[in-house]
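For the sequence shown, my numbering begins at 1 and goes up steadily by one.
The beta carbon of each residue, even a glycine, is placed where N, CA and C say it ideally should be.
These notes are about the structure you will find just below.
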Amino acid sequence: MADNNNVILKMENITKTFPGVVALNNVSIDLKKGEVLGILGENGAGKSTLIKVLAGNYIKDSGKITIDGNETEFKNPGEAMESGIRVIYQELNTLENLSVTENIFLGEQETKTPLNIIDWKKMEKESRKILKQLNIDINPNTIMEDLSVSEKQVVEIAKAISKKGKILIMDEPTAALSEEDKDSLFEIIKTLKEAGVSIIYISHRLKEIFEITDRVTVLRDGKKIGTVGTSETDSNQLVTMMVGRDIQEMYPKREVPIGEVIMSVKNLVAEGIEDVSFELRKGEILGIFGLLGSGKTSLVKSLFGANPIKSGKIYVYGKKITIKKPWQARDNKIGLVPVDRKLDGLALMLGVKENITLANIQQLGKGFLIKKAVEREKAQRWIDNLDINTPSMNQEVNSLSGGNQQKVVLARWLESGSNIIILNEPTRGIDVGTKVEIYKLMQNLCEQGAGIIMISSELPEILSIADRILVISKGRITGEFKRGKASEEKLMQTACI
Ligand SMILES: Nc1ncnc2c1ncn2[C@@H]1O[C@H](COP(=O)(O)OP(=O)(O)OP(=O)(O)O)[C@@H](O)[C@H]1O
Ligand SMILES: [Mg+2]
Numbered sequence: 001m002a003d004n005n006n007v008i009l010k011m012e013n014i015t016k017t018f019p020g021v022v023a024l025n026n027v028s029i030d031l032k033k034g035e036v037l038g039i040l041g042e043n044g045a046g047k048s049t050l051i052k053v054l055a056g057n058y059i060k061d062s063g064k065i066t067i068d069g070n071e072t073e074f075k076n077p078g079e080a081m082e083s084g085i086r087v088i089y090q091e092l093n094t095l096e097n098l099s100v101t102e103n104i105f106l107g108e109q110e111t112k113t114p115l116n117i118i119d120w121k122k123m124e125k126e127s128r129k130i131l132k133q134l135n136i137d138i139n140p141n142t143i144m145e146d147l148s149v150s151e152k153q154v155v156e157i158a159k160a161i162s163k164k165g166k167i168l169i170m171d172e173p174t175a176a177l178s179e180e181d182k183d184s185l186f187e188i189i190k191t192l193k194e195a196g197v198s199i200i201y202i203s204h205r206l207k208e209i210f211e212i213t214d215r216v217t218v219l220r221d222g223k224k225i226g227t228v229g230t231s232e233t234d235s236n237q238l239v240t241m242m243v244g245r246d247i248q249e250m251y252p253k254r255e256v257p258i259g260e261v262i263m264s265v266k267n268l269v270a271e272g273i274e275d276v277s278f279e280l281r282k283g284e285i286l287g288i289f290g291l292l293g294s295g296k297t298s299l300v301k302s303l304f305g306a307n308p309i310k311s312g313k314i315y316v317y318g319k320k321i322t323i324k325k326p327w328q329a330r331d332n333k334i335g336l337v338p339v340d341r342k343l344d345g346l347a348l349m350l351g352v353k354e355n356i357t358l359a360n361i362q363q364l365g366k367g368f369l370i371k372k373a374v375e376r377e378k379a380q381r382w383i384d385n386l387d388i389n390t391p392s393m394n395q396e397v398n399s400l401s402g403g404n405q406q407k408v409v410l411a412r413w414l415e416s417g418s419n420i421i422i423l424n425e426p427t428r429g430i431d432v433g434t435k436v437e438i439y440k441l442m443q444n445l446c447e448q449g450a451g452i453i454m455i456s457s458e459l460p461e462i463l464s465i466a467d468r469i470l471v472i473s474k475g476r477i478t479g480e481f482k483r484g485k486a487s488e489e490k491l492m493q494t495a496c497i
């Protein structure tokens with residue numbers, strides 16, 4: 001029976017616990033036909049758990065789920081899929097050895113004849129069409145592992161929209177996307193909405209919440225704080241609902257004295273990099289901005305020995321260095337926080353403690369017991385400093401919320417004592433309160449003599465936090481701005497050159 005209010009989904013009094021954690025405590029939401037409902041909350045608030053309960057990844061402890069007036073409980077994601085629920089998960093779920101087309105049509109291959117011969121040509125054509133809609137130039141025959149993180153994310157999105165569903169759930173779909181790709185995604189969301197699809201949209205980016213949602217539900221510590229109409233609220237109210245207090249300053253910027261050049265890159269050429277030169281100074285936060293495919297990730301990889309350098313020179317403290325392997329970067333006190341924590345960041349099956357101290361095991365001192373004690377002490381310090389939400393330091397990183405996993409990656413590199421720190425999208429998936437803490441930490445490190453290279457596609461962040469911004473496009477630097485001299489428009493313009 002259709003509901004008068006056009007409510008297509010009701011989740012009532014949902015409770016879900018994990019050992020030592022109440023992830024959801026009596027949470028209720030409803031979703032109307034053709035609306036976008038935002039879900040906001042700090043890291044670990046329960047957002048992903050809520051949608052995983054809906055999509056059959058987790059079985060709830062108690063509560064009731066009704067879709068189109070019928071009580072439902074999906075026992076696995078396949079059942080949810082059959083009922084028209086599409087999910088873009090926060091952690092990428094692509095199969096690395098298969099092609100883009102295979103990933104998009106996984107599990108629901110188009111068939112041509114009654115003989116069940118898979119019509120790859122048709123699927124390939126269909127993939128091309130969807131990718132074009134998303135405004136992205138990826139060959140559907142590419143094997144997933146050859147794509148960048150952002151491209152993989154676009155494939156995830158393509159996968160979710162390739163077959164029409166009635167409820168589309170997006171858990172941080174734009175975390176790895178640039179502003180431009182986000183715009184294409186939002187166009188698609190609008191079209192789907194008009195076609196009557198209901199959407200649950202999770203994001204830490206308030207700007208997006210205001211741009212695309214009709215209503216917002218806020219969770220905190222597994223509880224629902226409230227639901228408000230997007231046009232009737234503002235970011236102050238939402239932040240207060242999320243963190244339970246006011247945040248005075250979203251981008252606390254301290255003036256740190258900028259010293260001598262500590263790293264200098266001259267005419268670097270590598271895959272994806274044409275001819276890049278720049279300097280990084282002590283105490284400086286150097287922002288790097290570029291669109292998808294601009295070469296910013298290739299640049300980072302070259303500086304860290306993961307993308308072979310064809311020509312050019314790198315100097316650290318005036319000394320020419322060779323970086324062919326990541327350990328050489330590490331030996332030169334260059335630390336990297338990678339963009340994809342799943343692939344190169346974390347040992348997911350190990351505990352929080354091991355992950356934080358992994359890179360620095362040699363520095364822990366002599367003797368097994370001393371090592372263990374030092375390890376515990378260091379891990380605890382970072383858990384406190386970054387407010388890592390975990391039942392214990394021995395918890396498998398796997399089971400932490402997305403944002404808390406990112407904090408663990410950060411902790412490891414902050415702990416490693418590097419002087420040149422490269423942060424690739426450091427606050428991706430991190431909630432507003434913790435972002436502020438991370439910005440403060442970055443500035444502490446600068447005060448202690450480090451220099452930071454921060455790659456970020458969040459415009460307000462890079463504009464406020466970086467002392468200087470380099471814009472990169474097609475493997476070259478196309479613009480340089482001092483803090484205060486750039487604007488969103490200027491950055492976007494130079495990024496499109
Ligand atoms: N499989 C699991 N095993 C144990 N604990 C879990 C598991 N999944 C989630 N949790 C815990 O449940 C709580 C809620 O996590 P959830 O992933 O829903 O947070 P979130 O709101 O999505 O956060 P984020 O913004 O960081 O993605 C966290 O404390 C998390 O550690
Ligand atoms: Mg999450």
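If you compare the alpha carbons of Thr142, Gly20, Ser48 and Ile212 with that of valine 27, the shortest gap goes to Ser48.
For the 8 angstroms CB-CB criterion, tryptophan 413 and valine 337 form a contact. Going by DSSP, threonine 427 is part of no alpha helix (DSSP H) at all; its letter is neither H nor E. Nearest neighbour of glutamate 156 by Cα position, chosen from Ile167, Glu172 and Lys166, turns out to be Glu172. In the DSSP annotation of this structure, the continuous segment of the beta strand (DSSP E) that includes leucine 286 starts and ends at 285–289. The closest CA to that of leucine 348, considering only Glu91, Lys223 and Leu303, is found on Glu91. Here DSSP, grouped into helix, strand and coil, assigns arginine 245 to coil.
The residues Leu286 and Lys482, in chain order, have a CB closer than 6 angstroms to that of arginine 468 in the same chain once the five nearest residues on each side in sequence are set aside.
At a threshold of 7 angstroms, asparagine 43 counts as near ligand 1, since its beta carbon sits closer than that to one of the ligand's heavy atoms.
A distance criterion of 7 angstroms places the beta-carbon of serine 203 beyond contact range of ligand 1, judged by its closest non-hydrogen atom.
When distances are taken from the beta-carbon of serine 399 to the heavy atoms of ligand 1, the shortest one is below 7 angstroms. Valine 197 is positioned such that its CB atom lies no closer than 8 angstroms to that of arginine 215. Ligand 1 has a heavy atom closer than 7 angstroms to the beta-carbon of lysine 47. With respect to leucine 463, alanine 495 sits apart: the two C-beta atoms are not nearer than 8 angstroms. Going by DSSP, arginine 468 is part of the beta strand (DSSP E) stretching over 468–473.
Pairwise C-beta distances place the region 243–252 out of contact with the region 398–414, as fewer than three of them are shorter than 8 angstroms. Not one heavy atom of ligand 1 is found less than 7 angstroms from the C-beta of alanine 80.
Under the 10 Å beta carbon count, glutamine 248 is surrounded by fewer than 16 other beta carbons and is classified as exposed. Within the chosen limit of 7 angstroms, ligand 2 does not reach the beta carbon of aspartate 431 with any heavy atom. As DSSP reads the structure, serine 62 sits in a beta bridge with Thr15. Relative to ligand 2, glycine 335 has its C-beta separated by 7 angstroms or more from all heavy atoms. In the three-state reduction of the DSSP assignment, lysine 313 falls in the strand class, which pools E and B. Closest option to arginine 281, judged by alpha-carbon separation, among Asn6, Ile452 and Asn389: Ile452. According to the DSSP secondary-structure assignment, asparagine 70 is paired through a beta bridge with Ile67. Shown here for threonine 17: same chain residues with a beta carbon closer than 7 angstroms to its own, the five before and five after excluded, namely Ala23 and Asp61 in chain order. Taking a cut-off of 8 angstroms on C-beta distances, the region 441–455 touches the region 413–424, as three or more cross pairs fall below it. If you compare the alpha carbons of Gly69, Thr66, Tyr89 and Glu255 with that of proline 77, the shortest gap goes to Tyr89. Beta-bridge partners assigned by DSSP to arginine 220: Lys223.
Take the alpha-carbon of glutamine 380 and the one of serine 162: they are about 45 angstroms apart. Note on asparagine 70: under 16 other CB atoms within 10 angstroms of its CB, so exposed under the neighbour-count rule. For serine 198, the beta-bridge partners assigned by DSSP are Ile167. Rounded to whole angstroms, the separation of the alpha carbons of aspartate 221 and threonine 230 is 22 angstroms.
At the C-beta level, lysine 10 and threonine 72 stay beyond 8 angstroms of one another. For alanine 270, DSSP records a beta bridge to Ile273 and Ile309.
Shortest gap from the CB of phenylalanine 304 to any heavy atom of ligand 1: 7 angstroms or more. Inclusion of isoleucine 288 and isoleucine 472 in the CB contact set at 8 angstroms is warranted, their separation being smaller than that value.
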